[in-house]
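Engineer: Counted the way the working numbering counts, the sequence shown spans residues 19 to 99.
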Amino acid sequence: MDEVNAELAMLRLRMAGIGAQLDSNWSETLEAQRHLDRDTDECAYWHAGYYQALADVVSLMSKSEISDDIVGTSKPFLAVG
Numbered sequence: 019m020d021e022v023n024a025e026l027a028m029l030r031l032r033m034a035g036i037g038a039q040l041d042s043n044w045s046e047t048l049e050a051q052r053h054l055d056r057d058t059d060e061c062a063y064w065h066a067g068y069y070q071a072l073a074d075v076v077s078l079m080s081k082s083e084i085s086d087d088i089v090g091t092s093k094p095f096l097a098v099g
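Structure (structure tokens):
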């Protein structure tokens with residue numbers, strides 16, 4: 019259980035860092051909503067971030083490492099924080 023709490027604390031810190039960026043210098047960029055346009059770099063980056071968020075949740079819910087079927091398809095980069 020301590021491992022899950024540590025992972026949750028890490029995710030909360032990542033969220034806080036990303037949230038601060040979203041509220042400050044990224045807010046104007048988000049207003050354009052370019053991530054909704056298919057075949058754009060912004061769309062690809064949005065989906066990569068969303069994929070990583072889902073992988074983090076799956077890892078926490080399974081209380082184990084990310085399963086073999088998704089390892090290597092995305093790398094857990096820290097965007098901010």
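Ideal Cβ positions, reconstructed from N, Cα and C, are used throughout, including at glycine.
Among residues of its own chain, excluding the 5 on either side of D59, which ones have a beta-carbon nearer than 7 Å to its beta-carbon?
Structural biologist: Taking the sequence shown and counting its residues from 1, the one referred to as residue 59 is at position 41. Cβ within range, chain order: n/a, list empty.
Engineer: What residue does the alpha helix (DSSP H) around N1 start on, and which one ends it?
Structural biologist: Residue 1 is absent from the model: the chain starts at 19 and stops at 99.
Engineer: May I have the straight-line CA-CA distance separating S77 from C61, to the nearest angstrom?
Structural biologist: Counting from one through the sequence shown, the residue named residue 77 turns up at place 59. Counting from one through the sequence shown, the residue named residue 61 turns up at place 43. Taking the straight line from one Cα to the other gives about 24 Å.
Engineer: Please work out which residues of its chain come closer than 8 Å, Cβ to Cβ, to S45, disregarding the five sequence neighbours upstream and downstream, and give them in chain order.
Structural biologist: Stepping through the sequence shown from its first residue, residue 45 is reached at position 27. If we look at S45 and ignore the five residues flanking it on each side, it has no Cβ neighbours.
Engineer: Tell me which same chain residues have a C-beta within less than 7 Å of the C-beta of V22, skipping the five on either side of it?
Structural biologist: The count along the sequence shown starts at 1 and reaches residue 22 at position 4. Here the set comprises L78 and K81.
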